[in-house]
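Remarks on the structure that follows.
In the UniProt record's numbering, the protein residues as written are 1 to 283.
What follows is the structure in structure tokens.
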């Protein structure tokens, strides 16, 4: 079996002098204070959970645009981890800043338009000042994660179309409303994104929980996701330690929910898609 890869854990340093918190939007997330998780703790959790490799997502709600800890932490375990950071892509010096972080080891980028500490604001996804940064991502072959909800999907479509050579990964499956159950008409805006070949989706604890609510079920929902996007555009992310539970428990829940899929589909979701997006995670 190929490696189990997690493309959405987070790490928080226990050394606030060396890595001072400076959260985006000025409010630090509760989880980063209640459940801080150093890179060493992540490696221990991965060992316990049988997770071989991870693309660690920078905590914007702890460190803003300072990627020092995620880069330093991942560089300490180059055979296990790669760093996904955040840069103000609309800033005048965004291109130089991205090149600088990539030189230090960054393998991916993420735009955080809202989430645990503020409502989603898709307007920052439609700022032409960010286009030079997107052009650079295409040249460097670096994927971009976007944290948004259904409200931001029109802007995501525009970016995916405009920058067809940049792989875009939507955090938390873009948070669809699935509680109405099959045919999941309330999630139509998500199904409408299936035609974009450079658009990828993260399957995280959020959707693993939602398919147990209302009229939804794993057995009716996940096959439709695979049918719409293809398993080779879906990747598992733990959201550990933001989501409660141990990494082993989070992985077990994901395995349980996705048991309705074929072995081949699950092989893509739990590893091969991550390795396609981030070649440094390859075996």
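All C-beta atoms in this analysis are idealised placements derived from N, C-alpha and C, irrespective of residue type, glycine included.
Asked, Found
"For residue 54, the three-state DSSP class (helix, strand or coil)", "strand"
"Exposed unless 16 or more other CB atoms sit within 10 angstroms - verdict on residue 235", "buried"
"Assigned secondary structure, residue 112 (DSSP; H/G/I helix, E/B strand, else coil)", "strand"
"Environment of residue 108 [buried if 16+ CB atoms lie within 10 Å]", "buried"
"Rounded C-alpha distance that separates residue 256 from residue 71", "32 Å"
"CB-CB length for residue 8 against residue 37, believed under 8 Å", "With 8 Å as the limit, residue 8 and residue 37 do not qualify as a contact, their Cβ atoms being about 13 Å apart."
"Closest residue to residue 47 among 80, 146 and 165 (Cα-Cα distance)", "80"
"Nearest neighbour of residue 237, chosen from 264, 204 and 262 [CA to CA]", "204"
"Assigned exposure category for residue 17 - 16 Cβ within 10 Å defines buried", "exposed"
"Reduced DSSP secondary structure (H/G/I, E/B, other) of residue 6", "strand"
"Anticipated Cβ contact below 8 Å, residue 170 with residue 199, distance rounded", "7 Å"
"Contact set for residue 160: own chain, Cβ-Cβ below 6 Å, skip 5 residues either direction", "168, 196, 198 and 199"
"Cβ neighbours of residue 90 in the same chain (closer than 8 Å, five flanking residues each side left out)", "124, 127, 129, 130 and 133"
"Where residue 69 sits in the DSSP three-state scheme", "helix"
"Residues that residue 144 bridges to, as DSSP identifies them", "109 and 168"
"Exposure of residue 162, with buried meaning 16 or more beta-carbon neighbours within 10 Å", "exposed"
"Identity of the residue in 145, 166, 272 and 153 nearest residue 139 by Cα", "166"
"Candidates 83, 102 and 145: closest to residue 111 by CA position", "145"
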